[in-house]
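Engineer: So that we are looking at the same thing, I have put the structure below in structure tokens.
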Amino acid sequence: MTTRTLLTGKAPRQQLHRRKSRHALRRIAPSRTNLEAHRKSAWWPWAKRIATVVFFSLVAWLLVTNARNVDWSDVGSAIKAYPWPTMMAAAALAACSHVLYSTYDLLGRYYTRHTLSTGHVMKITFISYAFNLNLGSLIGGVAFRYRLYSKAGVGTGKVTRILSMSMLTNWLGYFVLAGTVFTFWPLVLPGTWKMSEETMPVLGMGLLGVALAYLVTCAVSRTHELRFRGRTLELPTLPVALLQVAMSCANWMLIASIVYVLLPESVGFTDVLSVLLIAAVAGVITHVPAGLGVLEAVFVALLSHLMPTGQLLAALLTYRAVYYIAPLIVATGLYVTTEVRQRRKR
């Protein structure tokens with residue numbers, strides 16, 4: 413080291429600067445793991461979009477193809493021909509389903525320990541569910557819940573936990589019910605469908621396996637938390653998880669019962685339930701609000717070989733009226749009343 417270096421101290425400064433530069437480059441330069449994660453995150457959204465477009469195109473093709481062959485005057489005549497006892501039974505089943513679904517958020521209240529009354533919680537859930545059915549989950553299930561709960565003094569974090577518990581309850585029952593029906597009462601598909609007879613039972617056993625894994629995790633977990641991809645899901649105790657299954661299965665069966673009472677006796681209940689469960693997933697994949705057209709396309713594709721298409725569409729349109737439209741009218745009135753009362757309190 414020269415005398416100049418000792419006097420000025422430039423060499424140590426240069427070395428320190430180089431070290432800092434190397435550390436900065438290490439922080440900036442992406443690792444192989446980060447690059448792989450970035451590549452995966454880049455193509456995965458596109459894959460989902462392409463799959464959605466393909467599925468939506470298939471549904472649209474089914475709709476157009478079947479709509480050309482429908483005599484809509486027959487559909488109108490079939491709707492007018494429904495006896496009042498049948499209509500009242502469908503309306504009663506729809507009311508029972510909405511009331512039952514409105515209790516889902518009570519499980520969230522149990523875990524978040526907020527102090528809203530049972531009636532208030534059920535009103536919020538009913539309004540959110542009715543708008544969710546007709547406008548989609550983002551507007552109905554999410555936006556309305558956050559708005560109504562926040563106005564009632566419930567924090568955002570608690571609302572998120574309530575919403576997660578409600579969604580988990582809904583799909584847990586779906587997995588159990590769909591798994592059971594697909595495994596033990598597989599749907600007899602039309603002869604034009606080239607699908608192995610083992611496909612539905614295998615799918616059903618897979619769904620049951622997922623549901624069973626959830627229940628076992630709830631039973632043995634000490635922390636009652638499940639972490640996945642950096643997110644934490646709060647798990648209930650096993651008794652509450654079993655209650656989730658019972659509530660959700662009962663609700664899905666009530667929904668299927670509405671369609672069942674509106675259809676001819678030639679169609680079995682398990683067939684109606686199977687098609688409804690398939691249509692529910694199809695609606696989620698296509699992101700169509702209220703599953704408009706998707707529900708009809710799936711039912712026509714899978715059950716039109718058992719009955720006239722006009723009768724089938726009449727049942728589905730009536731089902732929409734009693735389960736979607738009528739509750740939406742009631743929910744709109746309740747929501748407007750709630751907003752007016754909130755403004756008067758200001």
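So the sequence shown is numbered by the numbering used here: it starts at 413 and just counts up by one. Heads up, the beta-carbon is just placed ideally off N, CA and C, and yes, glycines get one too.
#1: Please identify the residue among 548, 524, 613 whose C-alpha is closest to the C-alpha of residue 567.
#2: Between which two residues does the alpha helix (DSSP H) carrying residue 515 extend?
#3: Kindly indicate the opening and closing residues of the alpha helix (DSSP H) around residue 751.
#4: Comparing C-alpha positions only, which one of 750, 731, 544 sits nearest to residue 491?
#5: Pull up the CB-CB distance for residue 582 and residue 736, whole angstroms please, since I reckon it's below 8 Å.
#6: Taking the C-alpha atoms as reference points, what is the distance between residue 627 and residue 520?
#7: Establish whether the CB of residue 666 and some CB of chain C are separated by less than 8 Å.
#8: Is residue 652 near residue 616, with beta carbons less than 8 Å apart?
#9: Could you compute how far the alpha carbon of residue 724 sits from the alpha carbon of residue 637?
#10: With a CB to CB cut of under 6 Å and the five nearest residues on each side skipped, what residues in its chain are close to residue 714?
#11: Mapping DSSP to helix, strand and coil, what is residue 638?
#12: Give the single residue among 602, 742, 695, 673 whose Cα lies nearest to the Cα of residue 494.
#13: Over the uninterrupted alpha helix (DSSP H) stretch that includes residue 708, give me the two end residues.
#14: By a C-beta neighbour count over all protein chains shown, 10 Å radius and 16 as the cutoff for buried, is residue 596 buried or exposed?
#15: If I measure Cβ to Cβ from residue 629 and keep anything under 7 Å in the same chain, skipping five residues before and after, which residues do I get?
#16: Closest to residue 644 by CA distance: which of 558, 729, 727, 569 is it?
#17: I'd like to check one pair, residue 656 with residue 575: are the Cβ atoms closer than 8 Å?
#18: Can you tell me the Cα-Cα spacing of residue 755 and residue 510, whole angstroms?
#19: Can you tell me whether DSSP reads residue 525 as helix, strand or coil?
#20: Cα separation between residue 751 and residue 745?
#21: Going by C-alpha to C-alpha distance, which of 508, 711, 507, 531 sits closest to residue 518?
#22: Look at the Cβ atom of residue 743, then the Cβ atom of residue 543, and state whether they are nearer than 8 Å.
#23: If you draw a straight line from the alpha carbon of residue 587 to that of residue 619, how long is it in whole angstroms?
#24: Short of 8 Å in beta carbon distance, which residues of its chain neighbour residue 534, apart from the five on each side in sequence? Order them along the chain.
#25: Sorted by chain position, which residues of the same chain lie with C-beta nearer than 7 Å to residue 710's C-beta, five sequence neighbours on each side aside?
#26: Can you round the beta-carbon distance between residue 727 and residue 671 to whole angstroms, since I take them to be within the 8 Å contact cut?
Structural biologist: The relevant details are as follows:
#1: Locating residue 567 in the sequence shown gives position 155, counting from the first residue. Among 548, 524, 613, the Cα nearest to that of residue 567 is on 524.
#2: Stepping through the sequence shown from its first residue, residue 515 is reached at position 103. Looking at the DSSP string, residue 515 is not in any alpha helix (DSSP H), and its letter there is neither H nor E.
#3: As a working note, residue 751 is residue 339 in the sequence shown. Per DSSP, residue 751 belongs to the alpha helix (DSSP H) from 738-757.
#4: The residue labelled residue 491 in the question sits at position 79 within the sequence shown. Among 750, 731, 544, the Cα nearest to that of residue 491 belongs to 731.
#5: On the sequence shown, position 170 is the one that residue 582 refers to. On the sequence shown, position 324 is the one that residue 736 refers to. The pair is not a contact, with the Cβ atoms about 16 Å apart (cut-off 8 Å).
#6: As a working mapping, residue 627 is identified with position 215 in the sequence shown. As a working mapping, residue 520 is identified with position 108 in the sequence shown. Cα to Cα, the separation comes out at about 18 Å.
#7: In the structure shown, chain C cannot be found, because there is only a single protein chain.
#8: In the sequence shown, counting from the first residue as 1, residue 652 sits at position 240. In the sequence shown, counting from the first residue as 1, residue 616 sits at position 204. No, these two residues do not count as a Cβ contact at 8 Å.
#9: Here residue 724 is taken as the residue at index 312 of the sequence shown, counted from 1. Here residue 637 is taken as the residue at index 225 of the sequence shown, counted from 1. Residue 724 and residue 637: Cα-Cα distance of roughly 45 Å.
#10: Against the sequence shown, residue 714 aligns to sequence position 302. Result list for residue 714: 687, in chain order.
#11: In the sequence shown, residue 638 corresponds to position 226, counting from 1. Strand.
#12: Taking the sequence shown and counting its residues from 1, one reaches residue 494 at position 82. Of the listed residues, the one whose Cα sits closest to residue 494 is 673.
#13: The residue labelled residue 708 in the question sits at position 296 within the sequence shown. Element bounds for residue 708: 706-715.
#14: Counting from 1 along the sequence shown, the entry for residue 596 is found at position 184. It is exposed - the Cβ of residue 596 has fewer than 16 other Cβ atoms within 10 Å.
#15: Translated into positions along the sequence shown, residue 629 becomes position 217. 638, 647.
#16: For the purposes of this step, residue 644 is taken as the residue at position 232 of the sequence shown. For the residues 558, 729, 727, 569, the minimum Cα distance to residue 644 belongs to 569.
#17: Looking up residue 575 in the sequence shown gives position 163. Looking up residue 656 in the sequence shown gives position 244. Not in contact: residue 575 and residue 656 (Cβ atoms no closer than 8 Å).
#18: Here the question's residue 755 lines up with position 343 in the sequence shown. Here the question's residue 510 lines up with position 98 in the sequence shown. One C-alpha to the other measures close to 28 Å.
#19: Counting from one through the sequence shown, the residue named residue 525 turns up at place 113. Here residue 525 sits in coil by DSSP.
#20: As a working mapping, residue 751 is identified with position 339 in the sequence shown. As a working mapping, residue 745 is identified with position 333 in the sequence shown. Computed Cα separation, rounded: 10 Å.
#21: If you number the sequence shown from 1, residue 518 lands on position 106. Here the closest residue by C-alpha is 531.
#22: The residue given as residue 743 occupies position 331 in the sequence shown. The residue given as residue 543 occupies position 131 in the sequence shown. Their beta carbons are under 8 Å apart, which means residue 743 touches residue 543 by this criterion.
#23: For the purposes of this step, residue 587 is identified with residue 175 of the sequence shown, where counting begins at 1. For the purposes of this step, residue 619 is identified with residue 207 of the sequence shown, where counting begins at 1. When rounded, the distance between both Cα atoms is 5 Å.
#24: Taking the sequence shown and counting its residues from 1, the one referred to as residue 534 is at position 122. Once the five neighbours on either side are set aside, the close Cβ partners of residue 534 are 511, 514, 515, 517, 518.
#25: For the purposes of this step, residue 710 is identified with residue 298 of the sequence shown, where counting begins at 1. Once the five neighbours on either side are set aside, the close Cβ partners of residue 710 are 687, 690, 691, 694.
#26: In the sequence shown, residue 727 corresponds to position 315, counting from 1. In the sequence shown, residue 671 corresponds to position 259, counting from 1. Between residue 671 and residue 727 the Cβ distance is about 6 Å, and since that is below 8 Å, they are a contact.
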